[in-house]
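Below is one structure, written out as structure tokens, with a few remarks after it.
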Amino acid sequence: MDEVKGAIDGERDYTLLKGDTGPLVYPAGFVYLFGAFYYMTENGTNIFKAQLIYAVLYMLTLTVVLAIYQRARTVPPYALLWLTFTSYRIHSIFVLRLFNDPIAMLLFYVAVLLFMHHRWYIGCVFYSLAVSIKMNILLSAPALLLLLLSNLGVRGTVPALCICAVLQVLLGLPFLMAHPVSYLSRSFELTRQFFFKWTVNWRFVGEDLFLDRRFHLALLGLHLFVLAVFATRRWIRPDASLSAFLRRAFADVARPQSFPSQIALALFVSNFAGIVFARSLHYQFYVWYYHTLPFLLWSTRLPTIAKFAVLAAIEYSWNVYPSTDLSSGLLLVAHQVLLFSLIFWPEPSTLTPVVSKATKSSHNA
1294 MDEVKGAIDG ERDYTLLKGD TGPLVYPAGF VYLFGAFYYM TENGTNIFKA
1344 QLIYAVLYML TLTVVLAIYQ RARTVPPYAL LWLTFTSYRI HSIFVLRLFN
1394 DPIAMLLFYV AVLLFMHHRW YIGCVFYSLA VSIKMNILLS APALLLLLLS
1444 NLGVRGTVPA LCICAVLQVL LGLPFLMAHP VSYLSRSFEL TRQFFFKWTV
1494 NWRFVGEDLF LDRRFHLALL GLHLFVLAVF ATRRWIRPDA SLSAFLRRAF
1544 ADVARPQSFP SQIALALFVS NFAGIVFARS LHYQFYVWYY HTLPFLLWST
1594 RLPTIAKFAV LAAIEYSWNV YPSTDLSSGL LLVAHQVLLF SLIFWPEPST
1644 LTPVVSKATK SSHNA
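Going by my numbering, the sequence shown opens with residue 1294, and the numbers climb by one from there.
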């Protein structure tokens, strides 16, 4: 909360906003949210009250996540016990560490649930709010764009994207009016260098390679390649080329609506691909995908025991502090097993997009 104290006092230059953990590097939604927490917790001094607030947010997150699983109906109930009763690290991120990541993910999951109900425009409001808390939400943006084009066409997608953009402008307006360059350069910074001592996923590569720009570019290239694979093999109908998909997106025709499970899977896979090839993962980043893991695993044909083995390996890796060569290597292996299973060994029901009845123009608000 000390990062937003300057903004509360009237400072609008983002380069001058900082706290004990460093400069403020999050969009304006973060400032408003933690500004509210600042007042709700007696100027940030009542930590217990802050923990109670986060406990409520944790319960809300679980409620929304379980609603997503119930709507999709792709994961057996016993697998959901893992989400509810495991992971000391997740409990710590919510109630002890008080990071902004869980709140961004709560808003993201609300958006996913709305998308699953084909409430695209309201979903975009919550999606943009999530981005305003933390930019990791944009990892799912490639899948969201294709979902919008597939379900709404270009004519419906443009307003959806405008909703996302306008909301970002409105939230950042006090800072954009005063110091636009400092706000944009700090709040949406993409070139920030991570510290090797905090990495969970790349400990085994050594610090020199971890900091090497060529390593970062290789990860980016792999990330884009995997997204292209999923886009052409999973998110666009297998019987349609990219050009055919785009022609249909521009045409004013009846559009089959994606089933809820397909919508969630595409968004979760896009998010997971970004995590697999992230330049670094810090401990609080576990919440970025923890609640999606059963969904992803039960979208593959891995044996049940292998699915739980992957869950256990990932959970172990995130609970080793500080990370070791073994824990980060094991995390990489678990991630690759899941990623390759999603690509090469998916559940048959996820291979061909199954659609509900076609509608002429389903721009549900």
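By construction, the Cβ of each residue, glycine as well, lies at the ideal position given by its N, Cα and C atoms. Quantities reported herein were computed from a predicted structural model and do not represent experimental measurements.
How would you call Q1486, buried or exposed, if buried means at least 16 neighbouring beta carbons within 10 angstroms?
When all chains shown are included, Q1486 counts as exposed.
When the Cα atoms are used, what is the spatial distance from L1442 to S1620?
Approximately 40 Å, taken between the alpha carbons.
R1594 lies in the beta strand (DSSP E); which residues open and close that run?
Element bounds for R1594: n/a, residue is neither H nor E.
Would you grab the beta carbon distance between K1342 and T1334 for me? Rounded to a whole angstrom, and I think it's under 8 Å.
5 Å
When burial is assigned at 16 or more other CB atoms within 10 Å of the CB, is C1455 buried or exposed?
Looking at its Cβ environment, which holds fewer than 16 other Cβ atoms inside 10 Å, C1455 is exposed.
Using 8 Å as the cut-off, can you tell me whether the stretch 1377-1386 makes contact with the stretch 1577-1593, which would need three or more C-beta pairs spanning the two stretches below that distance?
yes
Could you spell out the range, first to last residue, of the beta strand (DSSP E) harbouring P1549?
P1549 -> beta strand (DSSP E) spans R1548 to S1551.
Taking the beta carbon of A1651 as the centre, do at least 16 other beta carbons fall within 10 Å, making it buried, or is it exposed?
Because A1651 sits at a pLDDT of 42, beneath the cut-off of 50, its placement in the model cannot be relied upon, and the following sentence gives the value as read from the coordinates. Exposed, by the Cβ-count rule.
Kindly confirm or deny that the stretch 1358-1372 and the stretch 1457-1475 touch, where touching means at least three C-beta pairs closer than 8 Å.
no
Go through the stretch 1294-1379 residue by residue and report every complete run of the beta strand (DSSP E) that reaches 3 residues or more, in order.
none
Does the distance from the C-beta atom of V1603 to that of L1590 stay below 9 Å?
yes
Anticipated Cβ contact below 8 Å, G1322 with I1426, distance rounded:
About 5 Å separates the two Cβ atoms, so the contact holds.
Do you know how far the Cα of L1310 is from the Cα of P1395?
The straight-line gap from Cα to Cα measures roughly 22 Å.
By the DSSP assignment, the alpha helix (DSSP H) with H1410 in it spans what residues?
Unbroken run through H1410: none, as it is neither H nor E.
Inside the stretch 1380-1447 only - alpha helix (DSSP H) runs reaching at least 4 residues
Counting only runs of 4 or more, we get 1381-1384, 1394-1409 and 1413-1426.
Over the uninterrupted alpha helix (DSSP H) stretch that includes L1625, give me the two end residues.
D1618 to F1637
Output yes or no for whether 9 Å exceeds the beta carbon distance between L1595 and V1630.
yes
In chain order, what are the residue ranges of uninterrupted beta strand (DSSP E) at least 3 long that sit wholly in the stretch 1469-1537?
none
Give the DSSP-derived three-state secondary structure of V1580 in the structure shown.
helix
How big is the Cα-Cα spacing for V1324 and F1543?
38 Å
Which value, in whole angstroms, describes the spacing of the CA atoms of L1520 and T1338?
Distance between L1520 and T1338, taken at the CA atoms: about 44 Å.
With a 10 Å radius around its C-beta and 16 neighbouring C-beta atoms as the bar for buried, classify H1410 as buried or exposed.
exposed
If you drop the 5 nearest sequence neighbours on each side, which residues of the same chain put their C-beta closer than 6 Å to that of F1401?
A1423 and I1430
S1380 beta carbon less than 9 Å from that of E1608
With a cutoff of 9 Å on beta-carbon distance, E1608 and S1380 are scored as near each other.
Mind checking D1313: buried by the 16 CB within 10 Å criterion, or exposed?
exposed
State yes or no: is the C-beta of R1479 within less than 9 Å of the C-beta of V1613?
No, these two residues do not count as a Cβ contact at 9 Å.
For M1352, count neighbouring C-beta atoms within 10 Å of its own C-beta (all shown protein chains included) and say buried if the count is 16 or more, exposed if not.
exposed
Nearest-angstrom Cα distance between V1278 and S1616?
Not covered by the structure: residue 1278. The range shown for the chain is 1294 to 1658.
So H1509 and Y1307 are supposed to be a Cβ contact under 8 Å. How far apart are they, rounded?
Contact doesn't hold; Cβ gap of about 24 Å is too wide.
May I have the straight-line CA-CA distance separating G1622 from F1538, to the nearest angstrom?
39 Å
With distance defined between alpha-carbon atoms, name the residue in N1336, L1483, P1370 and Y1347 nearest to L1399.
Y1347
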